[in-house]
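Chemist:
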Amino acid sequence: MSDYLVIVESPAKAKTIERYLGKKYKVEASMGHVRDLPKSQMGVDAEDQFKPKYITIRGKGDVLKKLKSAAKKAKKVYLAADPDREGEAIAWHLAHSLNIDEHSECRVVFNEITKDAIKESFKHPRSIDTDLVDAQQARRILDRLVGYNISPLLWKKVKKGLSAGRVQSVAVKMILDREKEIENFKPEEYWSIEASFHKDKDTFEGSFYGIDNKKHELKTEDDVNHILKRLEGKTFTVEKVNKRERKRNPALPFTTSSLQQEAARKLNFRAKKTMMVAQQLYEGIDLGKKAGGITGLITYMRTDSTRISDTAKNEAQGYIEEKHGKNYIGHSKKTKQKEGTQDAHEAIRPTSVLREPSSLKAVLSRDQLRLYKLIWERFLASQMAPAVMDTMTVHLLNNGVEFRATGSKVKFKGFMSVYVEGTDDKNKEDNKYLPDLQEGMEVKAEEITPDQHFTQPPPRYTEARLVKTMEEQGIGRPSTYAPTLDTIQRRGYVSIDNKRFIPTELGQIVIELLQEFFPKIIDLDFTAKMEEDLDSIEEGKVNWIAILDEFYGPFSERLEKAEKEMEKIEIKDEPAGITCENCGHEMVYKMGRYGKFLACSNFPDCRNTKPILKEIGVKCPKCKEGNVVERKSKKKRTFYGCDRFPDCDFVSWDKPIARPCPKCDSLLVEKKKKKGTQIQCTNCDYEEEAQS
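For the sequence shown, the UniProt record's numbering assigns the number 1 to the initial residue and increments by one for each residue that follows.
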């Protein structure tokens with residue numbers, strides 16, 4: 001019989017921890033929560049201080065029975081769920097279910113699943129942190145009050161199956177607001193003048209800056225013509241050369257938010273996938289007996305802190321000195337955490353920087369290796385010296401017209417020899433060559449090219465941009481980003497096109513109703529304030545019941561008003577102009593959870609449905625009869641196929657274009673490349689640049 005019982009959340013974790021702790025310890029998994037509010041009813045008594053009604057989760061009876069049996073046989077039970085609010089709540093529910101005194105030293109937390117970290121954590125058990133539990137409980141009850149009151153209202157007034165979540169509704173509103181910005185955007189004309197200069201055998205690029213020592217904007221073609229007329233020939237004099245050294249600091253190690261953003265940019269991972277793979281790396285991978293068996297490769301992946309332990313810093317510095325040299329070691333100052341940061345545990349980092357990604361190729365899946373490599377490189381770079389850039393700005397004059405040329409080159413790579421942070425915007429080249437120019441020199445402009453431009457609307461949100469904006473606005477917390485993005489897509493409030501969020505008609509209807517009757521629910525400032533209140537509960541500064549009471553009074557009044565005044569909205573089926581091939585009745589457009597689709601108006605007698613196909617104006621190259629249409633795979637990836645499927649099985653991941661190859665008369669397709677889109681022949685070597 002084991003002396004001690006340890007309860008963790010997942011079986012993968014249980015095996016690893018049991019091996020680290022030895023024979024006296026038996027480690028079991030609770031498989032997450034064992035108790036929760038009932039799904040079939042509110043489960044919260046708003047009249048009695050928001051008293052929750054917790055029940056054993058369906059399907060968890062056998063798990064709980066097994067844990068109770070093991071707890072009776074053990075001398076002591078340790079609750080070792082994850083080190084966050086959710087984990088603390090799981091431990092609290094387990095304590096109640098197993099009759100463990102929550103004030104006893106029954107709680108153990110660790111930030112990484114390594115032998116040293118596990119053994120050290122068991123030297124410092126503590127009681128359950130009731131402030132953390134209250135913060136989680138307040139969030140759960142708050143979300144239940146909102147969801148279980150507004151959702152039935154939407155069922156009655158709009159459509160069955162709708163729901164309204166607190167953080168999710170704000171995310172949808174942000175996407176909808178951005179769409180309105182794009183629709184209302186009025187482009188403004190502006191111009192630029194670029195010049196290609198040469199000095200001896202060297203060439204370099206410069207741009208118009210201003211006239212008569214003042215910056216000047218080019219708004220119209222007349223402005224451009226005025227500048228070009230003022231130029232006296234194509235010879236420019238170097239009036240001034242500014243040279244300086246610039247330091248570029250490495251990015252801080254990953255938080256949950258920055259990991260999700262960077263994995264989206266560099267690995268094309270959705271937030272949900274990033275967290276799933278990170279969970280696997282955290283819980284442990286079998287490295288083989290010689291390498292220590294199942295080992296956690298990264299620290300806990302739900303965090304908003306960039307703090308790093310001294311042990312990890314020292315190990316990284318030793319590695320950097322050995323692999324790159326002493327001058328590559330960074331002397332990082334203590335980072336100031338952003339306001340509202342919980343800082344419960346460290347940033348996301350490898351549990352040992354000595355475990356290089358290349359050494360793990362044989363034991364990690366492709367996705368695990370790519371994400372681990374990203375985390376490993378980001379952490380190592382964060383502990384390295386800044387890069388040093390030599391920058392140069394040249395002022396070129398011709399009759400008072402000033403052009404400027406800028407260039408930079410890497411003088412010392414520093415952290416850039418390992419990793420450079422990605423960006424949502426187009427990268428500017430860090431290495432842009434300029435010849436050695438001196439004041440008073442003359443250079444000649446080979447070409448002077450004016451270009452017309454128009455200002456662009458703000459871009460639609462990608463997952464990375466939305467997570468970043470939610471974090472900046474204080475909406476949600478590390479554990480909520482991925483579930484929020486997943487939920488708004490599953491509910492059909494938004495769709496994704498070209499990796500960008502677009503609000504659906506259904507999402508627009510729901511948000512407009514919430515805006516009218518529950519404006520605070522979708523107000524960014526109010527939602528951010530609520531997150532701050534939850535943090536204050538966690539810190540023991542305020543009582544959770546008082547926070548809920550302050551919210552529920554005005555909310556219940558709004559709810560009563562909405563019940564009386566909200567008009568029933570009928571989403572009418574729109575005729576599609578085609579007949580059903582099964583029964584001859586008219587087909588109509590219907591609204592589903594993933595947007596519009598075609599259905600027979602003779603439902604339920606006829607259940608014929610079809611996706612709405614988007615034609616691209618290209619005849620099928622295989623059967624010559626059908627048209628090529630845009631389709632979606634099960635994983636929502638766009639591909640192209642014949643509308644006569646299954647009679648014709650033509651498919652292509654690349655978008656076909658209407659004209660044939662000028663060389664062999666075969667099908668031309670658009671190929672997405674890093675530098676842009678290319679048109680290539682599917683039969684011969686013909687290719688050309690796509691016109692933007």
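From the three backbone atoms N, C-alpha and C, an ideal C-beta is built for every residue, glycine too.
No experiment lies behind these values; they were computed from the predicted model shown.
1) Roughly how many angstroms separate the alpha carbons of LYS160 and LEU154, rounded to a whole number?
2) Which residue comes first and which comes last in the beta strand (DSSP E) that contains TRP191?
3) Mind reading off the beta-carbon distance from ALA263 to THR274? Whole number of angstroms is fine, and I expect it under 8 Å.
4) Would you mind listing the alpha helix (DSSP H) stretches within the region 456-500 that are 4+ residues and don't spill past its ends, in chain order?
5) When you compare the CB of SER382 with every CB in chain D, is at least one pair closer than 8 Å?
6) Please identify the residue among SER408, GLU581 and MET31 whose C-alpha is closest to the C-alpha of ARG607.
7) What is the DSSP secondary structure of SER127, counted as helix, strand or coil?
8) Would you kindly work out how many angstroms separate the C-alpha atoms of ASP667 and ASN498, rounded to a whole number?
9) Quick check on this structure: which residue in MET530, PRO483, SER417 and ALA80 has the alpha carbon closest to the alpha carbon of ALA135?
10) Determine contact between the region 132-146 and the region 436-447, defined as no fewer than three beta-carbon pairs at a distance below 8 Å.
11) Pick helix, strand or coil for GLU550, following the three-state DSSP scheme.
12) Compare the Cα-Cα distances from PHE269 to each of ALA81, LEU374, GLU181 and SER196 and report the closest residue.
13) Short of 7 Å in beta carbon distance, which residues of its chain neighbour LEU364, apart from the five on each side in sequence? Order them along the chain.
14) Restricting to Cα atoms, I'd like to know which of GLU472, ALA562, TYR25 and ILE679 is closest to ALA528.
15) Going by C-alpha distance, which of ARG178, ILE90 and GLU47 is nearest LEU64?
16) Leaving out five residues on either side along the sequence, give the residues of the same chain with a beta carbon under 7 Å from the beta carbon of GLU670.
17) Find out if the Cβ-Cβ distance for the pair LYS229, LYS444 is shorter than 8 Å.
18) Spatial neighbours of THR393 within its chain, please: CB distance less than 7 Å, with the 5 preceding and 5 following residues excluded, ordered by chain position.
19) Which two residues bound the contiguous alpha helix (DSSP H) that contains TYR372?
20) Within a Cβ cutoff of 8 Å, which residues of the same chain sit near THR255, ignoring the five residues on either side of it in sequence?
21) Hey, could you find the ends of the alpha helix (DSSP H) ILE320 is sitting in?
22) Helix or strand or just coil, what does DSSP make of ASN225?
23) Anyone know if the C-beta pair for ARG35 and SER97 falls short of 8 Å?
24) Under 8 Å, do HIS33 and ILE17 count as touching if we go by C-beta distance?
25) Assuming ILE118 and TYR20 make a contact with CB atoms under 8 Å, what is their CB distance in whole Å?
26) Just to confirm, are LEU598 and LYS614 a CB contact at a threshold of 8 Å?
27) Beta-carbon separation of GLY422 and TYR328 under 8 Å?
28) With H, G and I counted as helix, E and B as strand and the rest as coil, what does DSSP make of ASP45?
29) Buried or exposed: GLN342, going by 16 or more other Cβ atoms within 10 Å of its Cβ?
30) Measuring CB to CB, does LEU485 end up less than 8 Å from LEU514?
31) Does the beta-carbon of VAL8 have 16 or more other beta-carbons within 10 angstroms, so that it is buried, or is it exposed?
32) Need the endpoints of the alpha helix (DSSP H) that HIS93 sits in, please.
33) Just to confirm, is the Cβ distance from CYS620 to ARG659 under 8 Å?
34) Let's see if you can read the secondary structure: which residues bound the beta strand (DSSP E) around ALA528?
35) Grouping DSSP H, G and I as helix and E and B as strand, with all else coil, what is residue 721?
36) Count the other C-beta atoms from every protein chain shown that fall within 10 angstroms of the C-beta of LEU548, then say buried if there are 16 or more, exposed otherwise.
Modeler: Inspection of the coordinates gives the following:
1) 7 Å
2) 189-199
3) 4 Å
4) 463-473 and 481-490
5) In the structure shown, chain D does not exist; there is a single protein chain.
6) GLU581
7) coil
8) This sequence places Leu at residue 667; Asp is not what is there. C-alpha separation (whole angstroms): 23 Å.
9) MET530
10) no
11) helix
12) LEU374
13) ILE285 and TYR372
14) GLU472
15) ILE90
16) ASP654, LYS655, ILE657, THR677, ILE679 and ALA690
17) no
18) ASN242, ARG404 and THR406
19) 366-382
20) THR303, ASP304, SER305, THR306, ALA347, ILE348 and PRO478
21) 310-323
22) helix
23) yes
24) no
25) 5 Å
26) no
27) no
28) strand
29) Any reading at GLN342 needs caution, since the residue's pLDDT is 45, under 50, leaving its predicted position unreliable; the model's value is listed next. With 16 or more Cβ atoms within 10 Å of its Cβ, GLN342 is classed as buried.
30) no
31) buried
32) 85-97
33) no
34) Element bounds for ALA528: not the beta strand (DSSP E) but the alpha helix (DSSP H), 524-538.
35) What is shown of the chain runs 1 to 692, which leaves residue 721 out entirely.
36) buried
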